[in-house]
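Data block below; observations after.
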Amino acid sequence: MNIIEIFAENVFNDNVMKQKLPVDVYSQLKTTREQGDALDSSIASVVATAMKDWAIEKGATHFTHWFQPMTSVTAEKHDSFLSKSNGKAISEFSGKELVRGEADASSFPSGSLRTTFEARGYTAWDPNSFAFIKDNTLCIPTAFCSFSGEALDKKTPLLRSMEAINKQALRILRLFGNNSVTRVLSTAGAEQEYFLIDKALYYKRRDLVLTGRTLMGAKPPKGQELEDHYFGTIRPRVKEYMKELDEELWKLGVYAKTEHNEVAPCQHELAPIYTRSNVATDHNQLIMETMKKVAEKHSLVCLLHEKPFAHINGSGKHNNWSLSTDKKVNLLEAGSSPAENAQFILFFMAVIKAVHEHQDLLRISVASAGNDHRLGGHEAPPAIISVFIGEELQDILLAIEKGEKAQNKQRKVMKLGANTLPNFPMDTTDRNRTSPFAFTGNKFEFRMPGSNYSISGANFIINTIVADALMQYADELEKADDFNLALNKLVAREVTEHKAIIFNGNSYSTSWIEEAKNRGLLNLKSSDEAIPYFKSEENISLFYRHGVLNRAEVISRTEILLESYCKTINIEALTLLEMVKKEIYPAVNLFIIDLSKAIKAKKDILDDNILDADINLFKKLSLLSQSILEGANLLEKFLLDSKKIEDIEELSHYYHDKILNEMENLRLKCDDIESNIGKSYYPMPTYTDLLFSV
Ligand code: ADP
Ligand code: MG
């Protein structure tokens, strides 16, 4: 197989456009894409027909507007190309169908937008994300809005935030005399972690099937402590899987690059080459979807839950982020001239300011019931946001702050715009892996997102908050008489104001929690605590200022997040109840009966006093069986009581404080039972079965 030949064979990309479109249409479409505009209706039908003919040649029969509603999956509604003309079947796909589709919005989460606005919505093509063929269907990547223009999806705010950061970054570039750049793009590369388990075993676990994670399971004798899995040899079955996964992704034009084993048993990672963030978001959705689909074919199941198993690492998604000009210059890469360096420091400082001022939003961008199990668990950053920048860059910033000599070998006076920055290591091998937001030489790596989440959330937040910081800098510097003087003053002041967010130490350590508190940093431990910050007046005006979300959209998103938090835990609680009542309780009773028979048999022959251990086990399990029944009853009562709570915020706290808590109690007892009854009595695959069978 030739990678280059199959790469993007199912994508209507620039090459195909060039071949299939008339020259003038092609160049008009190219300009549209470069400027990030919407498609002009005058060329839409020519593009649509070319696209349809190409798709039919490739075996496609249907088309769909592929979009990302406020759930964790993508949505599509298929229509065939079939049409009727003079009693004959013809294939048809009009410009109108390409540009705009209608979808009934009422069945997708829309928070209060459902009542405020019309239920119907429409989808609109994002011409910067290429159409592709999947399952014989031409998929057109689209944004999804209500008829009055409110965003009903995850893509729209991302596209709007890319406009916002483009606008503000260009203002900064102009200040540095850079007039040739016409567009600044945010870029993203998301490393995706996942678990692969055996399909037959998966279907024996109600919790995995219904909730994506195990709701019980005793600690296996072997977990990840030997660290023998990370980067280990990939087993043949997994290798076959990865091979097919790569091929499928390449055909879809996804630059799947790195595949390796992760820390936990049967955990793996795939990293693509980065691209502009809207395309990276689409590609990440395709990666997740393809991972699941290919797994099926190999009798495997791909788990994308953030914490499928207790006791071992969960799965995250590292979102690498940077800014790039249309001339392919990375704005977060230090340059070689004093001016380039000064510009780099200003962009760098803007990110630090943004993270410091908007810790709440970054925390919310990764909030979900699933990710809460992972954050702060010594496998992922804590819920406290901080930035790692490394000692060298920290020295440089502090030197600028003081206007003194930098703490580096050259001992130069740090004056932005006049000096070249001392070299700092661009090597990313030896770096802090515990930081939630780490500078890794020429990009920032946001490590908090969970494996399941769309990266649109993290990226639209990062874009917006950095755009806001850049806007404030541009406002100030555009007024300055002496640019260099003003720049030095600004950066020095900003370092003083925002250095509290910089932390190069171990973010997993307990002492950091105390220190972060002293620094005044937020620690929003659970999602129900974090999400309501989203609709603070400050945040509403931030999003409004940059045209990313209006008030109604912010409020509806807050509701959707809280609703989804409650619903997730509700499903988990109901599943756990079923497992306890239908599986664990009957199992432990069977074991108790057999144990009692064994004890009686032993009593006939042996002295009573040597049966203490048997009797203790009998007592322990009898008590545990009572206790799980009581626990299940209590959980049932809590679930019933929850129905009386109308306020969604209050309800989310109830789910966190009462229901999750009782689920955890119940789980511990079930795990204790598992550890003490015979293997043949335990009604489902154990952790060892699940983790060591692939
Ligand atoms: P790690 O050491 O964190 O495992 P990897 O090399 O696996 O790093 O992944 C790094 C990711 O960062 C890749 O997806 C890569 O494409 C992405 N990346 C590199 N440069 C940029 C950039 N300028 N903007 C966004 N993402 C980038
Ligand atoms: Mg990483």
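Residue 363 in the numbering used here sits at position 51 of the sequence shown, and the numbers go up by one each step. Cβ coordinates follow ideal geometry from the N, Cα and C atoms, glycine included. What you are looking at is a predicted structure, and each value in this text was computed from that prediction instead of being measured.
Does DSSP put residue 720 in a helix, in a strand, or in coil? Residue mapping note: residue 720 aligns to position 408 of the sequence shown, counting from 1. Confidence in residue 720 is poor, its pLDDT being 47 and thus under 50, which makes the residue's placement unreliable; the coordinate value appears in the next sentence. Reduced to three states, the DSSP call for residue 720 is coil.
Within 8 Å, strictly: CB atoms of residue 509 and residue 575: Residue 509 sits at position 197 when you count from the first residue of the sequence shown. Residue 575 sits at position 263 when you count from the first residue of the sequence shown. No; because the gap between Cβ atoms is not below 8 Å, this pair is not in contact.
Give a single yes or no on whether residue 436 has its beta carbon closer than 7 Å to a heavy atom of the ligand ADP. Translated into the one-based positions of the sequence shown, residue 436 becomes position 124. Result no, Cβ not under 7 Å from the ligand ADP.
Report the rounded CA-to-CA distance for residue 394 versus residue 403, giving the unit in angstroms. To locate residue 394, count along the sequence shown from 1; it is residue 82. To locate residue 403, count along the sequence shown from 1; it is residue 91. Going from the Cα of residue 394 to the Cα of residue 403 covers about 5 Å.
Thinking residue 1020 and residue 693 are a contact (beta carbons under 8 Å), I'd like their distance in whole angstroms, please. Nothing about residue 1020 can be read from this structure; the chain reaches only from 313 to 1006.
Nearest by alpha-carbon distance to residue 781: which of 399, 667, 888 and 805 is it? Here residue 781 refers to the residue found at position 469 of the sequence shown. Comparing Cα positions, the closest option is 667.
May I ask you to report which of helix, strand or coil DSSP gives residue 741? Here residue 741 refers to the residue found at position 429 of the sequence shown. Low confidence applies to residue 741: its pLDDT is 42, below 50, so where it sits in the model is not reliable, and the reading given next is rough at best. In the structure shown, residue 741 falls within a coil segment according to DSSP collapsed to helix, strand and coil.
With distances taken from CA atoms, which of 925, 526, 641 and 359 is nearest residue 885? Position 573 of the sequence shown, counting from 1, holds the residue named residue 885. Residue 526 is the option with its Cα nearest to residue 885.
Return the chain-ordered ranges of every alpha helix (DSSP H) run that is complete within the region 667-718 and spans a minimum of 4 residues. Runs of the alpha helix (DSSP H) spanning 4 or more residues and lying entirely within the region 667-718 occur at 671-676, 681-684 and 703-714, in chain order.
Do the CB positions of residue 559 and residue 318 come within less than 8 Å of each other? Taking the sequence shown and counting its residues from 1, the one referred to as residue 559 is at position 247. Taking the sequence shown and counting its residues from 1, the one referred to as residue 318 is at position 6. It is a contact, given that the beta carbons lie within the stated cut-off.
Per DSSP, what kind of secondary structure is residue 447 in: helix, strand or coil? Position 135 of the sequence shown, counted from the start, is the residue given in the question as residue 447. Under the three-state reduction of DSSP, residue 447 is assigned to coil, being neither helix nor strand.
Residue 987 (DSSP reduced to helix, strand or coil): By 1-based counting over the sequence shown, the position of residue 987 is 675. Helix, per DSSP.
Ends of the beta strand (DSSP E) at residue 500? Numbered from 1 along the sequence shown, position 188 holds the residue referred to as residue 500. Where residue 500 is concerned, the enclosing beta strand (DSSP E) stretches over 496-510.
Can you tell me whether DSSP reads residue 442 as helix, strand or coil? Taking the sequence shown and counting its residues from 1, the one referred to as residue 442 is at position 130. The answer is coil: DSSP assigns residue 442 none of H, G, I, E or B.
If you follow the alpha helix (DSSP H) that residue 785 is in, where does it begin and where does it stop? In the sequence shown, residue 785 corresponds to position 473, counting from 1. Element bounds for residue 785: 768-790.
I believe residue 363 touches residue 443 by the beta-carbon criterion, under 8 Å. Please report the beta-carbon distance rounded to the nearest angstrom. Numbered from 1 along the sequence shown, position 51 holds the residue referred to as residue 363. Numbered from 1 along the sequence shown, position 131 holds the residue referred to as residue 443. Yes, residue 363 and residue 443 are in contact; Cβ-Cβ is about 6 Å, under 8 Å.
Measuring only from the beta carbon, is residue 639 closer than 7 Å to any heavy atom that is part of the ligand ADP? Sequence index remark: in the sequence shown, residue 639 carries index 327 (1-based). Result no, Cβ not under 7 Å from the ligand ADP.
Counting Cβ pairs closer than 8 Å, one from the region 569-586 and one from the region 527-538, do we hit at least three? yes
Buried/exposed call for residue 292, threshold 16 Cβ in 10 Å: Residue numbering for the chain in the displayed model covers 313 to 1006; residue 292 lies beyond these limits and cannot be assessed.
Helix, strand or coil for residue 624, going by three-state DSSP, please let me know. The residue labelled residue 624 in the question sits at position 312 within the sequence shown. In this structure, residue 624 counts as coil in the three-state DSSP scheme.
In whole angstroms, what separates the C-alpha of residue 345 from that of residue 434? Counting from 1 along the sequence shown, the entry for residue 345 is found at position 33. Counting from 1 along the sequence shown, the entry for residue 434 is found at position 122. One C-alpha to the other measures close to 21 Å.
Could you tell me whether the region 491-499 touches the region 637-654, using the rule of 3 or more Cβ pairs below 8 Å? yes
Which partner residues of residue 453 appear in the DSSP bridge assignment? Locating residue 453 in the sequence shown gives position 141, where the first residue counts as 1. According to DSSP, residue 453 bridges with 378.
So what's residue 570 in DSSP terms, helix, strand or just coil? Position 258 of the sequence shown holds residue 570. The answer is strand: DSSP assigns residue 570 an E or B state.
Considering only the beta carbon of each residue, do residue 1021 and residue 883 sit closer than 8 Å? Nothing can be reported for residue 1021, as the shown portion of the chain is limited to 313 through 1006.
Just to confirm my understanding: we take residue 721, look at its own chain, exclude 5 residues before and 5 after, and list those with CB closer than 6 Å. What are they? What you label residue 721 is simply residue 409 of the sequence shown in a count that begins at 1. Residue placement at residue 721 is poorly supported in this model, since its pLDDT is 46, which falls under 50; the coordinates still yield a value, given next. Closer than 6 Å at Cβ, skipping near neighbours: no residue.
Take the Cβ of residue 372 as the centre, count every other Cβ of all protein chains shown within 10 Å, and call the residue buried at 16 or more, exposed below. Locating residue 372 in the sequence shown gives position 60, counting from the first residue. Residue 372 is buried by the Cβ-count criterion.
For residue 373, the residue or residues it bridges with in DSSP: On the sequence shown, residue 373 is found 61 positions in, with the first residue counted as 1. Bridge partners of residue 373: none, in fact.
Quick one: does the C-beta of residue 633 sit closer than 7 Å to a heavy atom of the ligand ADP? Translated into the one-based positions of the sequence shown, residue 633 becomes position 321. At least one heavy atom of the ligand ADP is nearer than 7 Å to the Cβ of residue 633, so yes.
Is it right to say residue 1006 is buried, meaning 16 or more other beta carbons lie within 10 angstroms of its own, or is it exposed? For the purposes of this step, residue 1006 is taken as residue 694 along the sequence shown, with counting starting at 1. Counting Cβ neighbours within 10 Å, residue 1006 comes out buried, since at least 16 surround it.
Terminal residues of the continuous alpha helix (DSSP H) containing residue 618? What you label residue 618 is simply residue 306 of the sequence shown in a count that begins at 1. Counting along the chain, residue 618 falls outside any alpha helix (DSSP H), and DSSP gives it neither H nor E.
Taking residue 674 and residue 507 to be in contact with their CB atoms under 8 Å, please state how far apart those CB atoms are, rounded to whole angstroms. Counting from 1 along the sequence shown, the entry for residue 674 is found at position 362. Counting from 1 along the sequence shown, the entry for residue 507 is found at position 195. Not quite, the Cβ-Cβ distance comes to about 26 Å (not below 8 Å), so this is no contact.
Residue 940 versus residue 530: straight-line alpha-carbon distance, rounded: Walking along the sequence shown from the start, residue 940 turns up at place 628. Walking along the sequence shown from the start, residue 530 turns up at place 218. So the two alpha carbons sit approximately 15 Å from each other.
Identify whether residue 945 lies in helix, strand or coil by the three-state DSSP scheme. The residue given as residue 945 occupies position 633 in the sequence shown. Looking at residue 945 - three-state DSSP - the assignment turns out to be helix.
Rounded to a whole number of angstroms, what is the C-alpha to C-alpha distance between residue 723 and residue 663? In the sequence shown, residue 723 corresponds to position 411, counting from 1. In the sequence shown, residue 663 corresponds to position 351, counting from 1. With a pLDDT of 42 at residue 723, under the threshold of 50, the modelled position of that residue is not reliable, and the figure given next carries that caveat. So the two alpha carbons sit approximately 26 Å from each other.
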